[in-house]
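> What follows is a structure written as structure tokens; I'll ask about it next.
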Amino acid sequence: MHADSGSQKLDKIPAHVPPELVYEYDIARDPRMLEDPHARMRSLIHEAPPIFFSPCNGGQWMVTRKKTIVDMTLNPEVFSSRSSATGEHSGEQKDPTGGLTLLPISVDPPQHTMYRTPLNQPLSAKSVASLEPAIRAMTNELIDKVLATGRCEFLSDIAEPLPVTLFMKLAGMPTNRLAEFRHLAAQASSPTVDPATRAETFKHIAGILAETIKARQEKREDDLISQLLDANLNGRNPNFHEMLGYSILLFLGGLDTVVNALCFGVRHLARDQELQAKLRADPSLIPGAIEELLRLYGIVCMPRRVARDEVYHGVQFKKGDSVLLLLPAANYDDAAFPNPEQFILGRKEQHQTFNTGPHRCVGLNLARLEMKVFYQEWLKRVPPFRLDPEKKPQFIGGYTLAITNLPLVW
Ligand code: HEM
């Protein structure tokens, strides 16, 4: 999906882009990216200008330094989220949601504040804590299926099913449709599925979400969809279209992201027996380890659209320019993280994986909880594990840094 339709490389660099800021980097197809996406992100800090223009994928500014990214996210009047965040993986891919406004990610303040507020409380650390027993039960069920075999395909056996099941619980969707939804979610998040199938899959998912919304319109339950239906948007409740925009983003937001965060984290542990042993011996270290794994293995790059001509950090941007915030690269910025390539438990600096500013991930409490419970149970029950020496993991580039297989043995 990420690497199928040619890179749409510009023939001519736009006149406002100085030659010294041009650096050719195709986020979907760069061979070094496909070899090791995070090593490639790190190399951009050394090899490319801090803000550079890549002619690939229709031409795009790319930003790699933490401070610049923070400044841009705090300046939505210039770096807008409107019509830039559609759940796409790479610059040229068609919007799989069929043009729906994803809420609240595709709107800018002050409108964004209105749409974001109803999510803050239901997704707070305190609220999501009630899901902990369910996450623990689901994790153990998945571990039960593979434990005795001494091996697993971690991506499909564990990492994919977990967030889908959890989303269904959160959204109050009937778990008797779990198998069907799991299949759809796998299609939706699979990095190898073609764009047409992906779009078709989203239509199907939107149809199921629409059914749930309609059912909750009739009768409220104790779930997020019911809470959102009663949300106060400046004196009115969300309409059906807005409800769909919310639910599709909640589904999308918690899928690829958690799947890949789990995979990259587990891959790191599979290659570091000492760290595995340390976390097994003292599980209280797990939350700190998760933060450092999230830093080393950032998952998503976030797009913005330039809303007016502006010189920013010494660079001339023109209205309509596309900008990509390379959050995984910012986590390797030496100015922000001493010895950025090293795993250091207890770092104080905040990583950029959930971004900053008004759109900072609203699902981060849930993501952290999912990962914490997963690592607690996995490390408690599964003996020391390592990568299957016979099968090498493979990666996919794009807006999401993804892994396509992760065979483990123990
Ligand atoms: C490790 C897992 C995750 C990562 C790396 C991640 C990453 C991000 C990032 C970088 C943003 C900022 C977008 C921007 O600046 O334009 C974001 C926003 C968002 N995320 Fe997450 N996310 C994760 C998990 C989740 C989960 C589990 C959910 C579902 C509950 C979720 C729902 C959202 C939503 C709704 C937004 C939009 C917030 C807004 O626009 O105000 N995310 N996420």
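Per the working numbering, residue 28 is the first one in the sequence shown, and the count goes up by one each step. Where is the CB? At the ideal position from N, CA and C, for every residue including glycine. This one's a predicted model, so the numbers in the text were calculated from it and none came from an experiment.
If you reduce the DSSP assignment to three classes, tell me which class R395 lands in.
Three-state DSSP puts R395 in a helix.
> Whole angstroms is fine: what's the gap from V333's alpha carbon to C388's?
Approximately 21 Å, taken between the alpha carbons.
> State the Cα-Cα distance for the pair V285 and A186, rounded to the nearest angstrom.
Cα to Cα, V285 sits roughly 8 Å from A186.
> Locate the beta strand (DSSP E) running through P434, then write down its first and last residues.
Unbroken beta strand (DSSP E) run through P434: 434–436.
> Per DSSP, what kind of secondary structure is Y339 in: helix, strand or coil?
Three-state result, Y339: strand.
> Just the Cα atoms here: how many angstroms apart are P434 and I132?
If you take the alpha carbons of P434 and I132, they lie about 34 Å apart.
> Where in the stretch 122–166 do unbroken runs of the alpha helix (DSSP H), each at least 4 residues long, occur, reported from the N-terminal end onward?
List check, alpha helix (DSSP H) in window: 138–147, 152–155.
> Mind checking whether L414 and A297 have CB atoms under 8 Å apart?
For L414 and A297, yes; Cβs fall inside 8 Å.
> Which residues bound the alpha helix (DSSP H) around P222?
222–245 is the span of the alpha helix (DSSP H), which, as asked, contains P222.
> Hey, is the stretch 342–360 in contact with the stretch 313–325, meaning 3+ C-beta pairs nearer than 8 Å?
At 8 Å Cβ cutoff, the stretches touch.
> Is L458 buried or exposed, if buried means 16 or more other CB atoms sit within 10 Å of its CB?
The requested residue 458 is not part of the displayed model; the chain covers only 28 to 437.
> Going by the C-beta, is I275 closer than 7 Å to any heavy atom of the ligand HEM?
False, no ligand heavy atom lies under 7 Å from that Cβ.
> Label D336 either buried or exposed according to how many other C-beta atoms from any shown protein chain fall within 10 Å of its C-beta, with 16 as the threshold for buried.
D336 is exposed by the Cβ-count criterion.
> Please report the distance separating the alpha-carbon of A66 from that of P367.
Going from the Cα of A66 to the Cα of P367 covers about 11 Å.
> Check whether the Cβ atoms of Q35 and L351 sit closer than 8 Å, and answer yes or no.
Their beta carbons are not under 8 Å apart, which means Q35 does not touch L351 by this criterion.
> Across which residues does DSSP place Q15 in a beta bridge pair?
For residue 15 there is no data in the structure shown, the boundaries of the chain being 28 and 437.
> Measure the CB-CB distance between R59 and P77 and report whether it falls below 8 Å.
For R59 and P77, no; Cβs fall outside 8 Å.
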